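Chemist: Handing you a structure now.
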Amino acid sequence: MQTTACTRGALRILAACELTHGEPLTMPEMTTRLDMTEALVVKACHRLMRAGYLSGLRGRGGGYRLA
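Per this note's numbering, residue 15 is the first one in the sequence shown, and the count goes up by one each step.
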């Protein structure tokens, strides 16, 4: 079975968000922790939010966490 880079990235993002125990994970943290490009993180997070797996928090102390 073949998966795209976006799918693999989305799975890694979900796993990283699970390890934060509800604390928001910022975009820069994801890119450094997961060694992914910012463009790929943005694309994967957008798709995960649209599917209802992630929720985004804006502003200071914001980031992404599991929905």
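Note that beta-carbon positions come from the ideal geometry of N, C-alpha and C, so glycine has one too.
Just so it is clear, the structure is predicted and the values come from calculations on it, not from any experiment.
Helix or strand or just coil, what does DSSP make of R74?
Modeler: Coil at R74, not helix or strand.
Chemist: Roughly how many angstroms separate the alpha carbons of T40 and C59, rounded to a whole number?
Modeler: 11 Å
Chemist: Return the residue from the list G76, K57 and L62 that minimises the CA-CA distance to A29.
Modeler: For the residues G76, K57 and L62, the minimum Cα distance to A29 belongs to L62.
Chemist: Restricting to Cα atoms, I'd like to know which of G73, V55 and Y78 is closest to G66.
Modeler: Nearest C-alpha to G66: Y78.
Chemist: Where do the N-terminal and C-terminal ends of the alpha helix (DSSP H) with H60 fall, by residue?
Modeler: E52 to A65
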